[in-house]
Each structure stands twice: as structure tokens, then as C-alpha cells.
Amino acid sequence: MIKPSIRRVGRALLAVGATAALSLGLLTATAGTSQAATQGPCDLYRAGGTPCVAAHSTTRALYGAYSGPLYQVRRASDNATRNIGLLSTGGYADAAAQDSFCAGTGCVITVLYDQSGRGNHLTQAPAGGAAGGPDNLANAFEAPVTVGGHKAYGVYVAPGTGYRNNNTNGIATGDQPEGMYAIFDGTHFNGGCCFDYGNAETNNLDTGNGHMEALYFGDNRSWGSGSGNGPWVMADLENGLFSGVNRGPNANDPSVNNRFLTAMLKGGPNQWALRGGDARSGGLSTFYSGARPNATGYNPMHKEGAIILGIGGDNSKWAQGTFYEGVMTQGYPSDATENAVQANITAAGYTSGSTGTGTLTPGSRISLRATTAPCCTSHYLRHDDADTKVVISDTNSSSSATDKADATWIVRAGLADSSCVSFESANNPGRFLHHYNYELYLDFDNGAGSFAQDSTFCPTGGNSGTGTSFQSVNFPTKYLRHYNYTAYIASNGGSNSWDSSASWAADTSWLVAQPWG
Numbered sequence: 019m020i021k022p023s024i025r026r027v028g029r030a031l032l033a034v035g036a037t038a039a040l041s042l043g044l045l046t047a048t049a050g051t052s053q054a055a056t057q058g059p060c061d062l063y064r065a066g067g068t069p070c071v072a073a074h075s076t077t078r079a080l081y082g083a084y085s086g087p088l089y090q091v092r093r094a095s096d097n098a099t100r101n102i103g104l105l106s107t108g109g110y111a112d113a114a115a116q117d118s119f120c121a122g123t124g125c126v127i128t129v130l131y132d133q134s135g136r137g138n139h140l141t142q143a144p145a146g147g148a149a150g151g152p153d154n155l156a157n158a159f160e161a162p163v164t165v166g167g168h169k170a171y172g173v174y175v176a177p178g179t180g181y182r183n184n185n186t187n188g189i190a191t192g193d194q195p196e197g198m199y200a201i202f203d204g205t206h207f208n209g210g211c212c213f214d215y216g217n218a219e220t221n222n223l224d225t226g227n228g229h230m231e232a233l234y235f236g237d238n239r240s241w242g243s244g245s246g247n248g249p250w251v252m253a254d255l256e257n258g259l260f261s262g263v264n265r266g267p268n269a270n271d272p273s274v275n276n277r278f279l280t281a282m283l284k285g286g287p288n289q290w291a292l293r294g295g296d297a298r299s300g301g302l303s304t305f306y307s308g309a310r311p312n313a314t315g316y317n318p319m320h321k322e323g324a325i326i327l328g329i330g331g332d333n334s335k336w337a338q339g340t341f342y343e344g345v346m347t348q349g350y351p352s353d354a355t356e357n358a359v360q361a362n363i364t365a366a367g368y369t370s371g372s373t374g375t376g377t378l379t380p381g382s383r384i385s386l387r388a389t390t391a392p393c394c395t396s397h398y399l400r401h402d403d404a405d406t407k408v409v410i411s412d413t414n415s416s417s418s419a420t421d422k423a424d425a426t427w428i429v430r431a432g433l434a435d436s437s438c439v440s441f442e443s444a445n446n447p448g449r450f451l452h453h454y455n456y457e458l459y460l461d462f463d464n465g466a467g468s469f470a471q472d473s474t475f476c477p478t479g480g481n482s483g484t485g486t487s488f489q490s491v492n493f494p495t496k497y498l499r500h501y502n503y504t505a506y507i508a509s510n511g512g513s514n515s516w517d518s519s520a521s522w523a524a525d526t527s528w529l530v531a532q533p534w535g
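See below:
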């Protein structure tokens, strides 16, 4: 973690029995998606002699025999809570349980349960030295995903969101060896401090260099960076983001933006390593492996053993990102163990693909065509690549691939009311259509409390008698409208030019069409 102002070799040999177990695990993990539920990453770490001491996921079991809850949600309508479990032992999340429980309202994720049996659950982070608290909780609907063919939800961390456990069991302290991995959305990041998952201070304060060891993902370059423009996987070791032995850039740490990204970090006495890869296919690359940073305070390390997600050790909470699963281990995992884990991850079958086309069912991929004649019946709602504004423009079979993709949306359950809808950009995942000062934009959730409501629209019969109109959930007299080719929420008459009654009924009526992209 860094302040807001700037915001030995591996286990030498595996025992013969452990090697055999790992080899079997690797074969099992690569046998196909159906095998992902028979053995989890933590079974592989255990076989390698470095068992998990924390295991968090909202998408699947991380042990083949795990049958407990993955996470807990709380709904806005009555503050009731429900644990979300698995479809089967060792399997995938029961997302339908969340959908049913949260129907007609919004939900946040209150607890990420530890599957290791050590009780290292993650809950709402408290205030810290860098920022007040408690931190926000993640909207339970903002990171929909498909894993192994099953619907699930990730943890969407907007700025201000954070989870923590300061009273852990079995997490490395001092210079003890440990390892960790996480699956992130490689397209959801910023330069704020600090989107972390891993080991941190137990008092929510910056207690000095070497008091943290956490995975970081983003494009902050104040203390370190990799090649290109980022984002990068780096290590947050407190008062520094490191990609190698020196402060500053490490040319061997590449920019990575896989939609699903495996990030790995391990550290022991005067050794540490960063690795990463595509969580959907292929193996791992080693970005750094060697001695501890040569700056003062990092050798030996002074790890304290708390666990954080989405924030820095002192509760710096200006970052953003999405988390799907992650673990922390006892001991320094071998490369062979990590390779087996990566094979298990790729076999799990992460995808953001839509589940249908041309309807307003969540998961469906659509385009929205204007109905106002004669000007606009060939125009579709799209985001503008020149800025974050949302407009309508003519789109047809001759349009560029970019223009077609910009005019394509994925229908999501309404972020503030799951009986309504939200629209996620098909080619900019994690960014949603939302209104600000009544104009429509495409953005990541910025952490503002109203974002979920500003991004939620309730479908009604078309105001003109044609198609569908979309009513703003927090301004119920206003509907999604195009006016002078720019998108707004507008009422039928009012003080703003876009509230003009002329053509209002047609301008607020849309045809739900097959997607262009």
C-alpha cells in the first residue's frame, strides 16, 4: 500500500508422493470443465505441501469437498441477509439463490467466507490511517459472470469499497513464507491506491516498509511499474509497489489486460516472485523471481497477517477492480504447484459471454434502435469513443466493427432494483450506462452512492405505443430519451431543453433489436 499522496529458492523438491499427487491433479484439472468440481486449487496446494490458510470465492468451491457458503448478501428493502452457497459439493455458486432473494430490490455483499476452515472471513473494512470508514460494500449484481456454464457474480470494487480481517488464523507473519493467487478482471482498474488482495497490517495503519505482502493490480506508477502503459501485477509491500528488486520499472513485468487474469505472488526469506497468466487458457509467465527489494525495510519482511481486499493496508480506498476468487497459503509454493493451480483455473471455464440475444432478459446481448421518424429509425444507442457520452448514430451492416460494438449492450439485472435492468457495454466490460445531471454516460462505478440508482431503468410499454420505454428508477417521471442525437433522461415537459414535449413520446420509445456486435 502506498500513501494517498503518491499513491529461497522455492521449495527445493517435492516429496515423491506429493509430486505424484500434483501430477494427477494437473491431469484431472485439464480433463475438462466437468472435472473442475472434483478437485479445487486448495487440494493442489495441499498436495504440494503448502496448504491454503484462506480461500475466498463468490463463484465456485476451491476445495473438491467444500459444501459450505461462499458469501453473504444483504438486501436493501429490509436489511435481511442470506448466505449464498453451491449448486453441489465442490461445485459452482448458486446464483439463482441471490437472484431470488434480491428480487425487486438491491443487494450488497457483506461477507466473503473462508473455505479453508480457519475462519478467515472477509467483512466490511473499518476506518484506517488513510481514510475513514467503514468502507462501502460491493453491489452484488455489478460483476455477473459465467463459470463452468453456470451463472455467478464476482466482487465489483468501486472506489471506497473494501473488505478486511484483522484477526486471522494461520496467515504468515514476520518473514514467514507464503503464497497467494487471485483472479481479477484485467479490464477493470485505475491508478488509485490500492486494489490489493493479501497480507496487511492488523491495525489499519501504515506501520512501515515490509509490513505488507499483497497482490496489487492497476496502473499506478508512483513507486514501480512494468513495461508499457499498464496495468500491471505488482506486489504491495507497504510504502511501495514492486515489480522487481529495485524501485521503479521492471521491463520483465508486462502490461496485462486479460478479461480474466490470474495473478500470483509468493514470498519467503530474501526471495519472492510474481507470476501471471490468462485465467481462461494457457500457462503462467514469471514476471520476477529473485531477492527481496534492495530498499530499506523489506529484508527481512515484517508481515502482520491481516487480510485485505480492494484497499491498502492503511485503508487507502481510491482504487477499483473486480475479484472472483483467491487464496493464501502456508509456505512458499513451488512453480509446479502453481502451474497445476493455473490448469485448474483454466478448466473452471470463466467467461463473460452473454446468454442470449435480442431480449431484455439479464444476460442477453442487444442493440436499442430509435423509433422517431423520419430522422432516426436507423439510429442506435451507443457510447461515443471520443468521450464517455452516450448518443445515437446511424448503424448498419456497412458500419465498422467498432461502431457496431459500441452500439451493443448486455442486459443486466438492475443494480438498484433487480426487477428492472441496467445496461453494460459489450465491448467495455464493467462500464454501465448511467445518468449524471440528466445526461447519459458510460462509466465504471465511481463509488458515488447514487451510481446504482443512476444506472437502473425499468422497462415499460413504449410511450408512443411502439416498442419499450425505460423509466429512470430514481427519477420516475423521466425516461431514457435521445434529443439532438444525445441521450438523456427526460420528462414530458420541463425546464431543460431535452424535456421538450415535441416528439417526446417517440424519442423515449425504443425497439429492442438483435445486437450489432
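Count along the sequence shown from 1, add 18, and you get the number used in the numbering used here. Where a beta carbon is used, it is the ideal one built from N, C-alpha and C, also for glycine.
The beta strand (DSSP E) enclosing residue i, as first and last residue numbers
i    : result
T364 : Run containing T364: none in the beta strand (DSSP E); it sits in the alpha helix (DSSP H), D353 to A366.
K335 : Looking at the DSSP string, K335 is not in any beta strand (DSSP E), and its letter there is neither H nor E.
D472 : Taken as a continuous stretch (DSSP letters only), D472 belongs to no beta strand (DSSP E), being part of the alpha helix (DSSP H) at F469 to D472.
W290 : Q289 to D296
C476 : F475 to G479
K169 : H168 to Y171
V165 : P162 to V165
T486 : T486 to S490
F305 : S303 to G308
Coarse secondary structure for residue i, derived from DSSP in three states
i    : result
A73  : strand
Q142 : strand
S509 : coil
F462 : coil
T46  : Interpretation of T46 is limited by its pLDDT of 35, a score under 50 that renders its predicted location unreliable; no figure is taken from the coordinates.
D271 : coil
Q116 : helix
W534 : coil
S515 : helix
I189 : coil
D525 : helix
L378 : coil
E322 : coil
G226 : coil
A79  : coil
G286 : strand
L451 : strand
T51  : Annotation note: pLDDT 35 at T51 (below 50); position unreliable, coordinate value reported separately. DSSP places T51 in helix when its eight states are reduced to three.
M388 : Looking at the sequence shown, residue 388 is not Met but Ala. Of the three classes helix, strand and coil, the one that applies to A388 here is strand, per DSSP.
Whole-Å CB distance - residue i paired with residue j, under 8 Å assumed
i    : j    : result
D193 : M282 : Actually they do not touch by this definition, with Cβ atoms about 19 Å apart.
L140 : H229 : Between H229 and L140 the Cβ distance is about 19 Å, and since that is not below 8 Å, they are no contact.
V126 : N157 : 6 Å
P177 : G210 : 6 Å
Residue from the options with nearest C-alpha to residue i
i    : options                   : result
L451 : P249, E160, S411 and N264 : E160
T225 : F475, A253, Y81 and G258  : G258
S487 : Q471, T504 and S509       : S509
F493 : S468, G109, D332 and G479 : S468
T495 : W522, E356 and D237       : W522
S416 : L433, S396 and V408       : S396
G167 : P144, N222, A111 and L140 : A111
P380 : S527, A170, R100 and T389 : A170
R387 : D402, I410, G367 and S372 : I410
N217 : A324, Q116, F207 and G124 : A324
H401 : K422, T389 and T390       : K422
R182 : Q360, A114, G135 and A145 : A145
S437 : T123, T68 and D214        : T123
V429 : D412, E256, T420 and P447 : P447
D61  : A200, T347 and F213       : T347
Continuous alpha helix (DSSP H) stretch holding residue i: start and end
i    : result
C60  : P59 to A65
A111 : Careful: A111 lies outside any alpha helix (DSSP H) and carries neither H nor E.
K422 : A419 to D424
D153 : Per DSSP, D153 belongs to no alpha helix (DSSP H) and is neither H nor E.
For residue i: DSSP bridge partner residues
i    : result
V129 : Q90
L327 : Y181 and Y215
A542 : Summary: the structure shown does not reach residue 542, with the chain confined to residues 19 through 535, and so no result is reported for it.
M346 : A72 and M198
T280 : I201 and G295
F441 : V429
D412 : H397
G242 : G266
T99  : R92
Contact test: residue i Cβ vs the ligand NAP heavy atom, cutoff 6 Å
i    : result
G178 : Questions concerning the ligand NAP fall outside what the structure shown contains, since it holds no ligand whatsoever.
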